[in-house]
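The structure appears right after this line, and notes come after that.
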Amino acid sequence: MQSHDLLIVGAGLAGMRAALEGVKAGIDVAIVTKIHPLRSHSCAAQGGINAAINPQDSRNSHAYDTVKGADYIGDEDAIELMCDEAPEAILEMDRMGTPFSRIEGGLIAQRAFGGASFNRTCYAADRTGQVLLHTLWEQLVKARVKVYEECSVMRLVTDAEQAIAGVVAYDIKTGAVFPLRAKAVLMATGGYGRVFLSNTNATTNTGDGMALALRAGAPLADMEFVQFHPTGLRTSGVLVTEGARGEGGFLINALGERFMSRYAPNKLELASRDVVSRAEQTEIIEGRGKDGAIFLDLRHLGADKILDRLPQIRQLSLDLEGVDAIHAPIPVRPTAHYSMGGIRTDKFGASPLHGLFAAGEAACVSVHGANRLGGNSLLDTIVFGKITGRHCAGFVKGESLRDFPASEVAAVKSNLTALKARTNQGVRPIALHHRMAEGMNLHCGVFRTPEGMRAGVESIPSLREDYQKIHLDDHSDDFNIDLLRAVELGHLIDLAECILRGALAREESRGAHSRTDFPERDDANWRQHTLSHWDAAQGIVTLSRDAVRTVGKSDYTPKVRTY
Amino acid sequence: MSENHYTFRIQRNRKAADGRIDSRWVEYPVSATPTTTVLTLLEEIKGEQDGSLTFRQSCRSAICGSCAMKIGGRTRLACKTHVESVAHNGVVEIAPQANQPVLKDLAIDIGPFFTRIHAIRPYLEDGPDTDLVLEQSAYDQVNHVTQCILCGSCYSDCVMAEVSQEFIGPAALAKAFRFVSDPREGQKERRLEQLSHPHMMWTCARCAMCVESCPKDVKPMEAIVKLRTRGIAKGLKDGPGPKHALAFHHDIQKAGSLNEFTLMMRTVGILGTLEELGTAFHLMKKGKVPSPLPHKSKGLEELAKIYEILEEHPLDVETKAKEVVPE
Chain A
1 MQSHDLLIVG
11 AGLAGMRAAL
21 EGVKAGIDVA
31 IVTKIHPLRS
41 HSCAAQGGIN
51 AAINPQDSRN
61 SHAYDTVKGA
71 DYIGDEDAIE
81 LMCDEAPEAI
91 LEMDRMGTPF
101 SRIEGGLIAQ
111 RAFGGASFNR
121 TCYAADRTGQ
131 VLLHTLWEQL
141 VKARVKVYEE
151 CSVMRLVTDA
161 EQAIAGVVAY
171 DIKTGAVFPL
181 RAKAVLMATG
191 GYGRVFLSNT
201 NATTNTGDGM
211 ALALRAGAPL
221 ADMEFVQFHP
231 TGLRTSGVLV
241 TEGARGEGGF
251 LINALGERFM
261 SRYAPNKLEL
271 ASRDVVSRAE
281 QTEIIEGRGK
291 DGAIFLDLRH
301 LGADKILDRL
311 PQIRQLSLDL
321 EGVDAIHAPI
331 PVRPTAHYSM
341 GGIRTDKFGA
351 SPLHGLFAAG
361 EAACVSVHGA
371 NRLGGNSLLD
381 TIVFGKITGR
391 HCAGFVKGES
401 LRDFPASEVA
411 AVKSNLTALK
421 ARTNQGVRPI
431 ALHHRMAEGM
441 NLHCGVFRTP
451 EGMRAGVESI
461 PSLREDYQKI
471 HLDDHSDDFN
481 IDLLRAVELG
491 HLIDLAECIL
501 RGALAREESR
511 GAHSRTDFPE
521 RDDANWRQHT
531 LSHWDAAQGI
541 VTLSRDAVRT
551 VGKSDYTPKV
561 RTY
Chain B
1 MSENHYTFRI
11 QRNRKAADGR
21 IDSRWVEYPV
31 SATPTTTVLT
41 LLEEIKGEQD
51 GSLTFRQSCR
61 SAICGSCAMK
71 IGGRTRLACK
81 THVESVAHNG
91 VVEIAPQANQ
101 PVLKDLAIDI
111 GPFFTRIHAI
121 RPYLEDGPDT
131 DLVLEQSAYD
141 QVNHVTQCIL
151 CGSCYSDCVM
161 AEVSQEFIGP
171 AALAKAFRFV
181 SDPREGQKER
191 RLEQLSHPHM
201 MWTCARCAMC
211 VESCPKDVKP
221 MEAIVKLRTR
231 GIAKGLKDGP
241 GPKHALAFHH
251 DIQKAGSLNE
261 FTLMMRTVGI
271 LGTLEELGTA
281 FHLMKKGKVP
291 SPLPHKSKGL
301 EELAKIYEIL
311 EEHPLDVETK
321 AKEVVPE
C-alpha cells in the first residue's frame, strides 16, 4: 500500500503552495488531483492578489478592510495573519518567476479593487491566476513532487479513533480503486460553483473535498455565505474580472444610467461585491435591466488601455457574448462565484478531525466571513497554502500511520460497481443536476425569501431519492467521466443541503446572505459561525454554532457597513 | 437568434482487449445558434444523447487548456469555438488531438506532451535571491509566451511532430523561450546550448501551423526564431540548422537570392550532400535544379538599406516587443 506523510488533495494554488512547503520541511508529500495541475480553476482568477507592499499602505489597513468586507464575521486572528504574511508571500511568488506587471520605477503594479481603501491588488494583466498557477507548477516540477494525476478521491478514511488514516482514490485513466495511506490529509479542492446552475466556475468545481470531509465527520462552516460576483457574462456566467471596474469601468443599466451612485455613493462600482450584486439585482428586478442583465461599460477606457490591461476580458466577451468591449458595453449579471464557507479550520488550517487540514476555497479559516473582498482569494490560497503546508509538516513529525481498514476500499469498489450496474429508471444525471442547480439559483440567490429557502430544503429528500435512480450510459472502466460526474453530483447535493439549511437558519442579513424577511444584521444573536454536520443515522445535515475568533481591537467592533 | 441544425460527426475511440484502439465515426444531430460553442454542444450530447461520450474540459473560458481537440480539421479549444465557424454544410467533424496516443474518444494521453515540457526544465533557474526592481518593459518578451496554457493545440497540428516523435515540439520551445527571455533567469547560455541539440529548436520547419492553431496568440514559431537568433549570437553555429540559416542569410545579403547549388554543401557538408545525391538526380529529371552559376538580383542597394535599418532598429515584428534583456 502506497503511503506518504502528507497527502494533498487538489493541485490548485493552495495545494501546490502547501506541497512546496512540505518538501522544504523534508517530509514525504504527494498530491492527488482529478485533473492535471495546470487545469485547476485557480488559473481562471483574473484581476489580482492583495498585499500591502506599498510603503504608503499598511497591513492594518488591509486587515481592517477585510474585517469590514467580511461583515464582521471573519476570524480576526486569521485575517491579521493573512494580511501580515501577504507582502512576503507575493514577493516569494515574484522570485519564483511570476511575471507581475510593473509600474514605472520597476515595482510590482497594483490596481484598485472593490472594498479596498488603497490600490493594493497586484496583478499580471488580467490573467494573474494563470501566471501564479503556472509558476507554482514549475516549482512543483522542479521539486519533483509526486502527483497522482487524474485520480479522484472517493473517500476520506479514518481509523477507530476518528483520526485520519488516508484516502481511497480512483484512477480515472484506468478505473483502478486504490488506498493511499497518510499521516495527514490536506483538502485543497476549491469550491462548489456547480451547485448553482448559473456560475462563474469550471465544471470540475464540485466541492469534492468539502463533501468528503463532511461525510468523514469534519464540520463545514458558514455554508450559507455564497458570493455572487457582480460581473458574470450573461449567457455563460463566465467571469469578467473586478479589475475591469478597478481600471475604471462603469456599470450601467438599460437606460444608460450609472446606477451605483444610488447604492454606494462613495465607492460606486468599487463597493464590495455583495453590495454591487444586490444593486444590480435590484435594477434587474425593478425593470431597468435587459434580458436579465445590466452592463459593464469599458468604452471610455479606450482601446489601448483595454488591450494592455484587460486583453483576455475583451477576447472572452467576443468569444462568448459576441460583444467587443472596445465598442459596446458587456452584458453581465450577478453570478454564483465563490464559497466563503468550507471545512472549518483554525488559523493554521487544522480541522477538528485529527489529521485533516484544509486550505484555499475548500477551507473556512475564516478570512472572508460573510463576504470575500476581490483579490483576497488568490492571497488566501498562497498564504494559507504555505502556512498550512508548514503546519502539516510539523504535525506529521509527531505522528505515525494509522490503521487503514481494508473494508473501505471494498466499499468504494462495490459502490462504483453498483452505480455502473444500475438499470435505466428514467433519471438522467444531467436532468437531476439541472433540477438541483436551478432550484439553488431560484431559492438561494442574491435575495433570499423564507418561502424560497424552505422550498429548497424541502426539495432535498426528493433529490436524494432520485439520486438513487440515476443511471449511466458508460459502463467501462477507463476514463469513465460519466461515472465521475455521478459521484460529483452526490457531493453537490450534500453541499446544497448545507447551504440551504444554513441560509434558512440564519435569521439576519449579513454580507452575501440577504433575506427579505430579516433585512438587518443581528450582531446580538448571529455574530457567530454556522457549522454543518453530517448525521449519518438520519441521512441529513444538522447545524450548530461556533464563536467568531476576535482579537479585541476596537477598530473591529461591528458598525454600519457603508461604501 | 434562430437555431440551425448541425450534425456532429465525432470520432469514437475505444480501447480493445488487445490494447489497440477501435475507431469509428458516429453522428449526432444538434440544434444551436451559430455562436454556440462546440463545448456547449458536446456537453449537450453527453448529457442528453450519450453519456459515454468522453472528452476533457473544465473552465469553459479558454484558460485551463483541457478541451483542445481536432475540430473541422484543425486543433482548437472547444470552449471558444463557435459552431458555425467550423461547420461545413452543417457538419462539424471532431476528433482527438493528433500526434499523441488516444485513451478514449476525444481524450488523449497527455503524458508524452508533458514529458516534452518537463524536458526543457520548465522553471526559473538560479533566480534572484533579492526582490527585483525591473524595467516596466522587462517582461514584454516573457508576457507573450506566458500566455501559453499548455493545451497542446500547437503540438497536435505540428507537421514536424507528425514526421518525428523525437521533435520536442512548439509548446516546449515556447516555454523554453519564456525562461531564456526572462531577465531573472541565470542559465540562459546552458539552455541555448541544449536547445541547439538535435530534435530541438533547429528541427522546426517554420511552417507557422503553431501560430495558426494557438488559441492564446502565443506564436510559438516566433519564439523558436528568437531562440535561434540568440543561439547564433552566442556562437552556437555548429550543426546543419545554424549553418543553413547562416548560408541563407549570407546569400540574401550579398546577392539578393539563394545559390541553391551550394546551399546544401554549406548546410550539411560534402558527405551530407553526397547522401542527398539521389534527391538531386530526381530534381534534375524534373528540371528543378537551379543554375550553378551565381547571379545577383537587381536593387541590391535597397536591400542593403533594409538590412541597415533593421540592424539599427531591431524590431520584433510579431509581438512588437522591445529587446530589453541584458545578455
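Read top to bottom, the protein sequences are chains A and B. Yeah, the first sequence ends on 563 if you go by our numbering, and it's all consecutive. Yeah, the second sequence ends on 327 if you go by our numbering, and it's all consecutive. Ideal Cβ positions, reconstructed from N, Cα and C, are used throughout, including at glycine.
- Fully contained in the segment 282-314 of chain A are the following beta strand (DSSP E) runs of length 3 or more, in chain order: 294-297.
- Listed in chain order, the non-local C-beta contacts of residue 4/A below 6 Å within the same chain comprise 28, 30, 182, local neighbours out to five positions each way being set aside.
- Annotation: the continuous alpha helix (DSSP H) that includes residue 139/A extends over 128-142.
- Between residue 4/B and residue 29/B, the C-beta gap is not smaller than 8 Å, which leaves the two residues out of contact.
- For the segment 55-86 of chain B, residues whose beta-carbon sits nearer than 9 Å to a beta-carbon of chain A comprise 55, 56, 57, 58, 59, 60, 61, 62, 63, 64, 65, 66, 79, 80, 81, 82.
- For residue 60/B, the closest alpha carbon among the candidates 39/A, 49/A, 50/A, 66/A is that of 39/A.
- Here residue 154/A is buried: its Cβ has 16 or more other Cβ atoms, across all protein chains shown, within 10 Å.
- Judged by their CB atoms, residue 122/A and residue 34/A are not nearer to each other than the 8 Å cut-off.
- The criterion of a C-beta distance shorter than 8 Å is not satisfied by residue 184/A and residue 364/A.
- Taking 8 Å as the cut-off, the Cβ atoms of residue 301/A and residue 115/A do not count as close.
- For residue 2/B, DSSP records no beta bridge to any residue.
- Counting along the chain, residue 226/B sits inside the alpha helix (DSSP H) bounded by residues 220-233.
- The alpha helix (DSSP H) runs lying completely inside the segment 100-180 of chain B and spanning 4 residues or more are 111-119, 140-145, 153-157, 159-163, 170-180, given in chain order.
- With fewer than 16 neighbouring CB atoms inside 10 Å of its own CB, residue 21/B falls in the exposed class.
- The alpha carbon of residue 389/A has as its nearest neighbour, out of 398/A, 366/A, 362/A, 348/A, the alpha carbon of 348/A.
- Residue 341/A and residue 223/A do touch by the CB rule: their CB atoms are close to 4 Å apart, below 8 Å.
- Those residues of the segment 82-116 of chain B placed with their C-beta closer than 7 Å to a C-beta in chain A are 103, 104, 107, 110, ordered along the chain.
- Per DSSP, the beta bridge partners of residue 31/B are 5/B.
- By the neighbour-count criterion, in which a residue is buried when 16 or more other Cβ atoms sit within 10 angstroms of its Cβ, residue 433/A is buried.
- At least one beta carbon of chain B lies nearer than 8 Å to the beta carbon of residue 99/A.
- Closest in C-alpha terms to residue 47/A, from the list 231/A, 285/A, 375/A, comes 375/A.
- At a Cβ-Cβ threshold of 8 Å, residue 354/A and residue 163/A count as neighbours.
- Annotation for residue 294/B: 259 place their beta carbon closer than 6 Å to its own, counting only its chain and skipping 5 residues before and after.
- One thing to note: residue 138/A has its Cβ within 8 Å of the Cβ of residue 122/B.
- Distance from the CA of residue 94/B to the CA of residue 37/A, rounded to the nearest whole angstrom, comes to 26 Å.
- Looking at the DSSP output, residue 166/A shares a beta bridge with 157/A, 181/A.
- For the segment 12-45 of chain A, the residues whose beta carbon sits under 9 Å from a beta carbon of chain B are, in order, 35, 36, 38, 39, 40, 41, 43, 44.
- Look at the segment 204-215 of chain A: the residues with a C-beta under 8 Å from a C-beta of chain B are 204.
- Approximately 5 Å separates the beta-carbon atoms of residue 366/A and residue 75/A; this is inside 8 Å, confirming the contact.
- Proximity of residue 416/A to chain B, defined by a Cβ-Cβ separation below 8 Å, is not satisfied.
- Residues of the segment 118-145 of chain B with a C-beta atom less than 9 Å from some C-beta of chain A are 118, 121, 122, 123, 124, 125, 127, 128, 129, 130, 131, 132, 133, 134, 135, 136, 137, 138, 139, 142, 143, listed in chain order.
- Scanning the segment 185-244 of chain A for uninterrupted beta strand (DSSP E) segments of 3 residues or longer gives 226-233, listed from N- to C-terminal end.
- Just measuring C-alpha positions, the residue of 2/A, 64/A, 317/A sitting nearest residue 62/B is 317/A.
- Nearest to residue 470/A by alpha-carbon distance, out of 32/A, 431/A, 101/A, is 431/A.
- With distances taken between CA atoms, residue 298/B lies nearest to 256/B out of 196/B, 256/B, 118/B.
- Considering only beta carbons, the part of the segment 7-29 of chain B lying closer than 7 Å to chain A consists of 15, in chain order.
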